[in-house]
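Residue numbers (this note's numbering): 12 to 140. Cβ coordinates follow ideal geometry from the N, Cα and C atoms, glycine included.
Here it is in structure tokens:
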């Protein structure tokens with residue numbers, strides 16, 4: 012998948028796209044895992060909705076480690092941007108060998124008016140002020 016900077020939207024178009032993400036636990040074979048995770052544990056992010064498989068938990072500390080990166084990973088980025096190439100985040104426990112891999116799984120289209128009450132023209136005017 013080749014990422015590029017988000018194109019400017021034509022006047023009257025209130026749509027934007029975000030990548031769906033899958034965040035999966037990866038572990039070296041035989042390594043001691045301290046965060047309560049198992050290899051393959053995962054959650055998905057679709058728009059703003061974080062979803063866990065039924066019956067599976069996820070450490071709040073592990074989620075906290077990747078949370079600041081997720082909104083950026085959802086957006087189109089330049090091919091050379093580190094956000095396009097780097098996909099693994101270390102477990103926040105320095106003694107745990109697990110990593111969290113963030114993978115873009117699909118592209119979803121949203122409409123501005125369905126995600127905020129702020130009119131699009133107000134946002135455009137503010138950007139030019």
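Buried or exposed by the 16-neighbour rule on C-beta atoms within 10 Å, applied to residue i
| i | result |
| --- | --- |
| residue 10 | The requested residue 10 does not occur in the structure, where the chain is confined to residues 12 to 140. |
| residue 29 | buried |
| residue 118 | exposed |
| residue 67 | exposed |
| residue 63 | exposed |
| residue 52 | buried |
| residue 42 | exposed |
| residue 76 | buried |
Reduced DSSP category for residue i - H, G, I as helix; E, B as strand; rest coil
| i | result |
| --- | --- |
| residue 45 | coil |
| residue 35 | strand |
| residue 63 | coil |
| residue 69 | coil |
Contact belief for residue i with residue j at Cβ below 8 Å, rounded distance in angstroms
| i | j | result |
| --- | --- | --- |
| residue 116 | residue 32 | 7 Å |
| residue 72 | residue 38 | Contact doesn't hold; Cβ gap of about 16 Å is too wide. |
| residue 120 | residue 55 | No, residue 120 and residue 55 are not in contact; Cβ-Cβ is about 17 Å, not under 8 Å. |
Sequence-distant residues of the same chain with beta carbon closer than 6 Å to residue i, five excluded per side
| i | result |
| --- | --- |
| residue 48 | 36, 109 |
| residue 99 | 110, 112 |
| residue 85 | 29, 30 |
| residue 114 | 33 |
| residue 129 | none |
Contacting residues, own chain, Cβ-Cβ under 7 Å from residue i (five flanking each side not counted)
| i | result |
| --- | --- |
| residue 82 | none |
| residue 131 | 25, 123 |
| residue 58 | 29, 119, 121 |
| residue 101 | 110 |
Close Cβ partners of residue i (< 8 Å) along its chain, the five nearest in sequence each way excluded
| i | result |
| --- | --- |
| residue 104 | 45, 46, 72 |
(request) Taking only runs that begin and end inside the region 72 to 139, name each unbroken alpha helix (DSSP H) of 4 or more residues, in chain order. (result) For the region 72 to 139, whole alpha helix (DSSP H) runs of length 4 or above, ordered along the chain, are 93 to 96, 123 to 126, 131 to 139.
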